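Engineer: Position 153 of the sequence shown, counted from 1, bears residue number 647 in our numbering, the numbering being contiguous throughout. Here it is: the structure, laid out below.
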Amino acid sequence: MLRARRSFEVVRAIAVFGGLAACSSKSPDAPRVPAARSQTIATSRAGHALAGVAADGTTVFAAYRIFERKVSVVEARRGGAISWSANLDGTAGELAVAGSQIGVVLATHGEVGAGPGSGPTGTEMRIGVRGDPGAMLVALDRASGARRWHRPFESTEWVILTSVAAIGDELVVGGSFGGTLRIADKVVTSGGGSDGFVARIRADGKLAWLVRLGGTFSDGVHGVAVGGDPKSPRIAIAGAFSLTAEIQGEPLKSIDDKSPFGDGFVAELDGNGVRRWSASFGSRADDVVAGVAIDPRGEIVVAANVHEALSIAGSALVPRGAGDGLVIWYGAGGELGNAVLVGGNDFDGLRAIAMVGEHVIVGGFFSGKLGLGDRELAAGGGDDAFLAALDANGTVATAWHVGGDGREELTSLAAFPGGFVAGIAHTLGANVEDAKLAAPPAGTTGAALAVRGL
Numbered sequence: 495m496l497r498a499r500r501s502f503e504v505v506r507a508i509a510v511f512g513g514l515a516a517c518s519s520k521s522p523d524a525p526r527v528p529a530a531r532s533q534t535i536a537t538s539r540a541g542h543a544l545a546g547v548a549a550d551g552t553t554v555f556a557a558y559r560i561f562e563r564k565v566s567v568v569e570a571r572r573g574g575a576i577s578w579s580a581n582l583d584g585t586a587g588e589l590a591v592a593g594s595q596i597g598v599v600l601a602t603h604g605e606v607g608a609g610p611g612s613g614p615t616g617t618e619m620r621i622g623v624r625g626d627p628g629a630m631l632v633a634l635d636r637a638s639g640a641r642r643w644h645r646p647f648e649s650t651e652w653v654i655l656t657s658v659a660a661i662g663d664e665l666v667v668g669g670s671f672g673g674t675l676r677i678a679d680k681v682v683t684s685g686g687g688s689d690g691f692v693a694r695i696r697a698d699g700k701l702a703w704l705v706r707l708g709g710t711f712s713d714g715v716h717g718v719a720v721g722g723d724p725k726s727p728r729i730a731i732a733g734a735f736s737l738t739a740e741i742q743g744e745p746l747k748s749i750d751d752k753s754p755f756g757d758g759f760v761a762e763l764d765g766n767g768v769r770r771w772s773a774s775f776g777s778r779a780d781d782v783v784a785g786v787a788i789d790p791r792g793e794i795v796v797a798a799n800v801h802e803a804l805s806i807a808g809s810a811l812v813p814r815g816a817g818d819g820l821v822i823w824y825g826a827g828g829e830l831g832n833a834v835l836v837g838g839n840d841f842d843g844l845r846a847i848a849m850v851g852e853h854v855i856v857g858g859f860f861s862g863k864l865g866l867g868d869r870e871l872a873a874g875g876g877d878d879a880f881l882a883a884l885d886a887n888g889t890v891a892t893a894w895h896v897g898g899d900g901r902e903e904l905t906s907l908a909a910f911p912g913g914f915v916a917g918i919a920h921t922l923g924a925n926v927e928d929a930k931l932a933a934p935p936a937g938t939t940g941a942a943l944a945v946r947g948l
């Protein structure tokens, strides 16, 4: 396997190890943050599906979708005990801790509740959210779960919120839409089948700014991340685009300007939503972005999935099977850095990414066998899941196996100081390394929160 060459540093060594191909250039040796206490909390209950997770170091927050009803519940847990729970209309997605608030993204259909006591007589007021689906960002009190505010995202066709990140006590969201999108008093129109967008929401739920990106085909934002000082933040966004797409007038360059397939992009915005730089990557097949993060050195790291060979700075990275995960680094000014493939001989890929200190945490799925550093994982009955910590060279420092006789899936991933929490869904009994999870009461509703230190 080959490592893609870092374009802004001298490459010192090339290494090859099972299931992962990458290019090395430096070996950071920074002191580690004290590791969090590892635990695995089984949360399975009939009719519930685990969606987003978040954590603040003492409390784990998780959102569940309730089958057969378009409602969700958000829970706060300390250890195995539930501190509070909040019911929300809509289908929950990702979460983010923003100061004293928890941001929750929701898909909505028709009327939704605006919170207890919001009506003129003390009953709950119902509000219509336009779009099929429409979307809502809700802020819950971090200590009690009480609703503080809600911000509708409406469209003449549809709108989906895919990602959320915190800037202090404010929130940045990304997503995609068709037709005309309205957030508060701002309106943008899609240039084609779908466009992407990113928006900054103030601590009181008011819109700070809205940025649309895209072209005449299908485009979307699939990950957002925030770094730096909250007073002068760096906002990273990543997603997929097709021919003719642009960000604030700057074209995104397709890998093949005659191909209808989508490529991946990454861009940095400042705190006012102004583009600083953008870059693209991909193969001659459709490429999918799983998320984005910012490391302590200021590099932006993207997790994606590729199905054919791609060229990174003149070096070819070739998936071993039908698909592999891709982790790619960019410098603070957009310079291309390391790139690694994560996968084996079958169909494998990434679902999420987060930063814990100097390490990139990625989580994904695999079948057959997967080599991660000095470990070889073997999948059980269906697809298994995995988590891996990579250093800045793309070397696997630690890996975790999530397996069993059924299907195991990573639903969400979030970092906190010294560790991370992963949302795990499973269909039968499963193992998260040495932690055993019982079979769920219904075949598709197994769930667990895996907290790990690093």
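Beta carbons: idealized from backbone N, C-alpha and C, even for Gly. Because the structure is a prediction, the values reported are computed rather than measured.
Distance, Cα to Cα, residue 897 vs residue 573?
Structural biologist: Taking C-alpha positions only, residue 897 is separated from residue 573 by approximately 23 Å.
Engineer: How is residue 725 classed by DSSP in three states: helix, strand or coil?
Structural biologist: coil
Engineer: Using 8 Å as the threshold, is the C-beta distance between residue 653 and residue 668 below it?
Structural biologist: no
Engineer: In the DSSP assignment, find the unbroken beta strand (DSSP E) run with residue 902 in it and report its ends.
Structural biologist: 902-910
Engineer: Only counting the same chain, and skipping five residues up and downstream in sequence, which positions put a Cβ closer than 6 Å to that of residue 840?
Structural biologist: 815, 861 and 862
Engineer: Suppose you measure from the CA of residue 914 to the CA of residue 842; what does that come to, to the nearest Å?
Structural biologist: 22 Å
Engineer: Is the beta carbon of residue 568 sitting closer than 8 Å to the one on residue 575?
Structural biologist: Taking C-beta atoms as the reference points, residue 568 and residue 575 fail to come closer than 8 Å.
Engineer: Which ranges would you report for the beta strand (DSSP E) in the stretch 762-835 if only whole runs of at least 3 residues count?
Structural biologist: Within the stretch 762-835, the complete beta strand (DSSP E) runs of at least 3 residues are 769-775, 782-788, 794-800, 804-806, 809-811 and 818-824.
Engineer: Can you tell me the Cβ-Cβ gap for residue 905 and residue 631, rounded? I've got them flagged as a contact below 8 Å.
Structural biologist: With 8 Å as the limit, residue 905 and residue 631 do not qualify as a contact, their Cβ atoms being about 19 Å apart.
Engineer: Taking C-alpha atoms, which residue in 579, 713, 698 and 791 lies nearest to residue 662?
Structural biologist: Comparing Cα positions, the closest option is 698.
Engineer: Would you say residue 765 and residue 781 are within 8 Å of each other, going by their C-beta atoms?
Structural biologist: no
Engineer: Got a sec? Which residues, its chain only, sit under 7 Å from residue 525 by beta carbon, not counting five neighbours each side?
Structural biologist: Its pLDDT being 40, under 50, residue 525 is placed unreliably by the model, and the measurement read from it follows with that caveat. So no residue of the chain qualifies.
Engineer: Can you list, in chain order, the residues of its chain whose CB lies under 7 Å from that of residue 770, leaving out five sequence neighbours each side?
Structural biologist: Cβ neighbours of residue 770 beyond the five flanking positions: 762, 763 and 764.
Engineer: If we ignore side chains and look at the alpha-carbon of each, how far apart do residue 953 and residue 936 end up?
Structural biologist: Not covered by the structure: residue 953. The range shown for the chain is 495 to 948.
Engineer: Run through DSSP, which three-state label would residue 674 get?
Structural biologist: strand
Engineer: Under 8 Å: do the stretch 638-654 and the stretch 705-713 share three or more Cβ pairs, one atom per stretch?
Structural biologist: Taking 8 Å as the limit for Cβ pairs, the verdict is that the stretch 705-713 does not touch the stretch 638-654.
Engineer: How about residue 747 and residue 774: are their beta carbons less than 8 Å apart?
Structural biologist: yes
Engineer: Is the CB-CB distance between residue 749 and residue 772 below 8 Å?
Structural biologist: no
Engineer: Please classify residue 523: is it buried, with 16 or more other beta-carbons within 10 angstroms of its beta-carbon, or exposed?
Structural biologist: Reliability of the predicted coordinates at residue 523 is poor, the pLDDT of 40 falling under 50, and no value is obtained from them.
Engineer: Cα separation between residue 694 and residue 875?
Structural biologist: 43 Å
Engineer: For residue 936, name the three-state secondary structure that DSSP assigns.
Structural biologist: coil
Engineer: Could you check whether the Cβ of residue 552 sits closer than 7 Å to any heavy atom belonging to the ligand ADP?
Structural biologist: With respect to the ligand ADP, the structure offers nothing, as it holds no ligand at all.
Engineer: If the criterion is Cβ atoms closer than 8 Å, does the pair residue 681 and residue 597 meet it?
Structural biologist: No, the Cβ-Cβ distance between residue 681 and residue 597 is not below 8 Å.
Engineer: With a Cβ-Cβ cutoff of 8 Å, do residue 933 and residue 943 count as a contact?
Structural biologist: no
Engineer: What's the C-alpha gap between residue 586 and residue 537?
Structural biologist: If you take the alpha carbons of residue 586 and residue 537, they lie about 16 Å apart.
Engineer: Considering only the alpha carbon of each residue, which of 579, 619, 549 and 577 lies closest to residue 593?
Structural biologist: Ranking the options by Cα distance to residue 593, first place goes to 549.
Engineer: Rounded to whole angstroms, what is the Cα-Cα separation between residue 551 and residue 734?
Structural biologist: For residue 551 and residue 734, the distance between alpha carbons rounds to 32 Å.
Engineer: Among 686, 930 and 856, which residue has its Cα nearest to the Cα of residue 941?
Structural biologist: 930
Engineer: Roughly how many angstroms lie between the CA atoms of residue 796 and residue 740, to the nearest whole one?
Structural biologist: 19 Å
Engineer: Are the CB atoms of residue 853 and residue 877 within a distance shorter than 8 Å?
Structural biologist: no
Engineer: At the level of alpha carbons, what is the spacing between residue 645 and residue 811?
Structural biologist: 42 Å
Engineer: Am I right that residue 783 and residue 716 are in contact with their C-beta atoms under 8 Å? What's the rounded C-beta distance?
Structural biologist: 4 Å
Engineer: Could you pull the start and end residues of the beta strand (DSSP E) that residue 587 belongs to?
Structural biologist: 585-592
Engineer: Using a Cβ-Cβ cut-off of 6 Å (strictly less than) and excluding sequence neighbours within five positions of residue 847, which residues of its own chain qualify?
Structural biologist: 785, 787, 797 and 856
Engineer: Does DSSP put residue 596 in a helix, a strand or coil?
Structural biologist: strand
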